[in-house]
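>
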Amino acid sequence: MSVEAITWVLNDAPDLPPNLVATLIALANHADPNGQAAAPSQNLLARYTRKKPRTIRDDLAALKANGLIRHGDQQQVAFLPADRRPVVYDLAMERHAQPPTADTDPRPQNSPPAAVDNPVDNPVDRRAAVHCRPAARHHPSIASAGGPPPSATNTLISANVKREAAYRRRTILEEEVRPPTPEALASATGLLLELEHPWRVGRRTAAALAPLVAAAFSAGWKRKDLAAHLAGNPGGVRSYTAVLRARLGDLPAPPRPRNVPQPPPRRRSPAWCGGCSPKSRMIASPLHLGKFVRCPRCHTDSLGARTSQTAVTGDRVSPRSWPIGRQLRTPA
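Structure, rendered in structure tokens:
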């Protein structure tokens with residue numbers, strides 16, 4: 226490992242693309258202080274940089290094309306077998322990146338340029354035509370003259386804004402975080418003590434985990450759903466208390482209730498009267514030729530009463546006046 230070579234890669238290597246930094250650092254890790262005799266294998270460079278060997282080959286070709294590395298003395302690895310002999314590289318440590326140019330302008334960046342007008346021909350003194358920027362004048366403060374201190378409205382407003390933002394953030398983080406009531410703690414402790422083996426815990430552990438269970442109840446968890454979530458997947462668990470604590474500390478959103486509407490009870494039709502179609506329960510209308518209407522004996526309304534006679538004849542006849550019996554039944 227060469228600290229000098231790695232320092233050169235980090236600070237002085239010129240025109241080094243960001244995607245080649247890791248490969249060049251891994252190569253400099255095997256170089257001497259002069260940046261020479263670096264001969265790691267491509268598989269080792271791939272393990273260093275978490276890249277594939279094909280990507281390492283492309284990186285080495287790009288570094289060589291940019292002039293950051295070159296082939297070194299191959300006699301350094303002549304003692305290795307030919308089929309396992311890596312390529313020796315030398316780092317171009319004589320190359321250095323250009324340092325950034327310093328700003329020679331003594332004026333601040335936000336200040337306007339000095340106003341310089343065209344000089345007037347004056348054989349006596351040409352400096353009279355150059356209007357330099359006047360120096361900042363020092364105004365004596367009112368406090369030094371014996372008056373009241375200067376107003377600090379802007380400072381107070383800035384401090385109030387920061388304080389309000391910090392309070393709002395703290396309020397958001399601590400919103401709805403209230404200590405549980407004794408009733409909630411008792412219910413949470415009871416849930417933990419009711420867990421079946423192997424999730425059963427003692428009273429001390431239940432009292433320690435009760436605030437987390439109470440917080441889960443406040444978040445919308447139902448007692449049955451929370452017990453099933455805590456006692457699920459017992460296989461492979463070594464410390465059940467630690468798993469309970471972890472599950473309570475990382476609870477997901479409570480499951481949504483499955484509000485599946487129940488279908489209304491299906492009303493059974495009465496027995497076939499024998500005078501209508503057995504499948505459709507329709508009869509021929511006596512008023513309109515070729516038109517069929519519902520059988521008043523087989524169809525009932527929402528209240529369970531028989532259909533009125535008006536469905537067949539169209540007359541305004543009370544449903545009670547419909548003759549009871551098998552008057553519409555065809556004679557045998």
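Everything in the sequence shown is counted per the working numbering, starting at 226 for the first residue and increasing by one.
Glycine included, every Cβ here is placed at the ideal spot set by N, Cα and C.
Residues in the same chain with beta-carbon distance under 6 Å from Arg-295, minus the five sequence neighbours each way, listed in chain order, please.
Asp-315
> List the endpoints of the continuous alpha helix (DSSP H) containing Asp-298.
Careful: Asp-298 lies outside any alpha helix (DSSP H) and carries neither H nor E.
> Please list the terminal residues of the continuous alpha helix (DSSP H) segment that includes Arg-428.
428-443
> Just confirm the distance between the C-beta atoms of Leu-455 and Trp-424, as a whole number of angstroms; I'd bet it's less than 8 Å.
Between Trp-424 and Leu-455 the Cβ distance is about 7 Å, and since that is below 8 Å, they are a contact.
> According to DSSP, is Asp-240 helix, strand or coil?
coil
> Can at least three beta-carbon pairs, one atom from the region 268-281 and one from the region 296-310, be found at a separation below 8 Å?
no
> Ignoring anything shorter than 4 residues, give me the alpha helix (DSSP H) runs that lie fully in the region 463-518, in order along the chain.
465-474
> From the DSSP output, in three-state form, read off Asp-450 for me.
Helix, per DSSP.
> Over the uninterrupted beta strand (DSSP E) stretch that includes Leu-316, give me the two end residues.
314-316
> Please report the Cβ distance between Leu-270 and Ala-263, rounded to the nearest whole angstrom; I am assuming they are in contact, meaning their Cβ atoms lie under 8 Å.
Contact doesn't hold; Cβ gap of about 10 Å is too wide.
> Beta-carbon separation of Ala-452 and Leu-420 under 8 Å?
yes
> Report the rounded CA-to-CA distance for Ala-439 versus Val-462, giving the unit in angstroms.
Distance from the CA of Ala-439 to the CA of Val-462, rounded to the nearest whole angstrom, comes to 24 Å.
> So, under 8 Å CB-CB, Thr-414 and Ala-431 are touching, yes? Tell me the CB distance rounded to an integer number of Å.
That pair is a contact at about 5 Å.
> Name the DSSP bridge partner or partners of Ala-629?
Absent from the model: residue 629. The displayed extent of the chain is 226 to 557, so no value can be given.
> Do Arg-320 and Gly-297 have their beta-carbon atoms positioned less than 8 Å apart in this structure?
No, the pair does not count as a contact, with Cβ atoms beyond the cut-off.
> Among residues of its own chain, excluding the 5 on either side of Lys-277, which ones have a beta-carbon nearer than 8 Å to its beta-carbon?
Ala-271
> Assuming Thr-274 and Thr-248 form a contact by the criterion Cβ under 8 Å, report the distance between their Cβ atoms to the nearest whole angstrom.
6 Å
> Helix, strand or coil: how does DSSP classify Thr-406 here?
Correct three-state label for Thr-406: coil.
> What residues in its chain sit with their C-beta under 8 Å from that of Arg-472, if we drop five residues either side in the sequence?
His-454, Leu-455
> My output table needs one value for Leu-245: the three-state DSSP class, helix, strand or coil.
helix
> Considering Pro-278, what are the terminal residues of the alpha helix (DSSP H) in which it resides?
Start and end: 278-290.
> For Arg-448 and Arg-519, I'd like the C-alpha separation in whole angstroms.
53 Å
> Rounded to whole angstroms, what is the Cα-Cα separation between Val-302 and Val-313?
8 Å
> Taking all protein chains shown into account, decide if Val-234 is buried (16 or more other Cβ within 10 angstroms of its Cβ) or exposed.
buried
> In angstroms, rounded to a whole number, what distance separates the CA positions of Met-318 and Asp-240?
Cα to Cα, Met-318 sits roughly 13 Å from Asp-240.
> Expressed to the nearest angstrom, what Euclidean distance is found between the alpha-carbon atoms of Gln-261 and Leu-469?
58 Å
> If you drop the 5 nearest sequence neighbours on each side, which residues of the same chain put their C-beta closer than 6 Å to that of His-255?
Closer than 6 Å at the Cβ level, and outside the excluded window around His-255, lie Ala-263, Pro-265.
> Taking only the alpha-carbon atoms, compute the straight-line gap between His-524 and Lys-516 and give it to the nearest angstrom.
17 Å
> Rounded to whole angstroms, what is the Cα-Cα separation between Pro-242 and Gln-299?
27 Å
> Spatial neighbours of Asp-257 within its chain, please: CB distance less than 7 Å, with the 5 preceding and 5 following residues excluded, ordered by chain position.
Ser-227
> Specify the secondary structure class of Ser-412 as computed by DSSP and reduced to three states.
helix
> Select from Leu-418, Pro-436, Gly-427, Leu-417 the residue whose C-alpha is nearest the C-alpha of Ala-409.
Pro-436
> State buried or exposed for Leu-434, treating a residue as buried only when at least 16 other CB atoms are found within 10 Å of its CB.
buried
> Beta-carbon separation of Ala-238 and Ala-322 under 8 Å?
Result yes, Cβ atoms of Ala-238 and Ala-322 sit closer than 8 Å.
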